[in-house]
Structure formats: C-alpha cells, structure tokens
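Residue numbers (our numbering), protein chains in the order written: chain A, 82 to 201; chain B, 1020 to 1099.
The beta-carbon is built from N, C-alpha and C at its ideal position, and this holds for glycine as well.
I have placed the structure first, in the form of structure tokens, so that the comments after it can refer back to it.
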C-alpha cells in the first residue's frame, strides 16, 4: 500500500479540486467539512472528496503534508488553499471566484453571488 | 482535557508578544473557540502563512484525535 504522502500527491495532482474532509460530499460528518463541501456543491464545482475518517494515515498524512493541523483542507491544482475559515473568508470576499477562474475551474457565478447576498 | 480561553491566549502570546488577541468561547465546553490575532508580523504574509504561524504557536494542542482543542475559528489581521 503506497504511503500516505504518495497517495496524497496522486490525489491532488490527479484532480483539479480536492477536498480532504470528514465524511463525504453527500454525507459530511463535521460542521466545518460540511460548510466547505456545501459551498463547493452549491457553486457546482466538481471536486474529489477524500474522507479522512476512512484512513488514519491520510488523516495524519494530510496534516503533515500541508503543515496544517485541521481538516477540512481544500486543494486547487495541487496547491493548498486553506481550511474552513479561509475558504469562508475567500468565498465572501470573491477571492475564491478569482482563484477558480485563474485555474480554469468551472463554477456557477450566480450561485456564488447568492451566497454573498445571503451573508449580507 | 478541554482548554480555557486564558490557556489559548497565553500560548499565542508566547509567540506573538505584541499582538492584540481576542478569544471568544463559542460553546462553553472548552473545545470550541474563536480567536482573532492582530499582529504586525503578519504584514506581507497571505492568510495561510498567517494562520500557520498561529497554529504553530498552539504547539500541537489542535491536531490529532486527542487534540484538546477541537475547533478554533481563526481570524488573523495586520494592524491598520
């Protein structure tokens, strides 16, 4: 079984957008993971979800890999973007839209605007 | 073993002696806090770098299944 770091490298290079989370995109099992997965789902972003609860190696491996102690963790084009707080801030400020556009990631702009309107 | 707001502030203060630190207890269970850290050292750093520095200050209290602190909503800013 390849070690966690190799698996992680394959996952984040093999998919444009990867979310390491507790649970799955349809069945998140933690509030923070659920929020980020929810935003991505609502924005119709295609992403690979990796359930860290299924593998302690990945759960610890991803924290070592990014030197970031918590999950969820979002990766776009192999780059660590942030956890729940940062993604929420970037979402509300529009930086997430820019990041996706710059990286050729398809998303629903109207949905993004609706989230911002809802958050006043 | 839950943590007290003061413990968190002291840990962050160790690494950021001049920072303005605000800890908010979100759930009263010693496990869910929000922290805002305003420090000049964040200047020129992006959010990930800023927050990574604060997590490092917490010296492993956060991570792992046994991490005392389950949730810390973190906001970092550069002083105006």
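Check, Outcome
"Would you say residue 100 (chain A) and residue 155 (chain A) are within 7 Å of each other, going by their C-beta atoms?", "yes"
"CB-CB under 8 Å to residue 197 (chain A), same chain, minus the five flanking residues each way: which ones, in chain order?", "172, 173, 175"
"Using beta carbons (cut-off 7 Å, strictly below), is residue 1030 (chain B) in contact with chain A?", "no"
"In angstroms, rounded to a whole number, what distance separates the CA positions of residue 130 (chain A) and residue 1064 (chain B)?", "28 Å"
"Measuring CB to CB, does residue 146 (chain A) end up less than 7 Å from residue 98 (chain A)?", "no"
"If you follow the beta strand (DSSP E) that residue 102 (chain A) is part of, which residue opens it and which one closes it?", "98-102"
"Using beta carbons (cut-off 7 Å, strictly below), is residue 1045 (chain B) in contact with chain A?", "no"
"Taking 7 Å as the threshold (C-beta atoms), are residue 103 (chain A) and residue 134 (chain A) in contact?", "yes"
"Could you tell me the boundaries of the alpha helix (DSSP H) in which residue 170 (chain A) lies?", "165-174"
"Grab me the residues of residue 153 (chain A)'s own chain with a C-beta within less than 7 Å of its C-beta, minus the 5 sequence neighbours each way, in chain order.", "100, 101, 102, 113, 114, 117, 164, 165"
"If you drop the 5 nearest sequence neighbours on each side, which residues of the same chain put their C-beta closer than 7 Å to that of residue 1098 (chain B)?", "1057, 1059"
"Name the chain B residues that come within less than 8 Å of residue 167 (chain A), Cβ to Cβ?", "1066, 1067, 1070"
"For residue 161 (chain A), go through chain B and note every residue whose CB falls closer than 8 Å to its CB, in chain order.", "1067"
"Check the Cβ of residue 1074 (chain B) against every Cβ in chain A and list those closer than 9 Å, keeping chain order.", "148, 149, 150, 151"
"Would residue 1052 (chain B) and residue 1042 (chain B) qualify as a contact pair, given that the criterion is a beta-carbon distance under 7 Å?", "yes"
"Excluding the 5 residues preceding and the 5 following residue 1024 (chain B) in the sequence, name in chain order all residues of the same chain whose CB lies nearer than 6 Å to its CB.", "1042, 1044"
"Which residues does DSSP pair with residue 1043 (chain B) in a beta bridge?", "B:1053"
"As a quick exercise: from A:157, A:195, A:167, pick the residue whose alpha carbon is nearest that of residue 90 (chain A).", "A:157"
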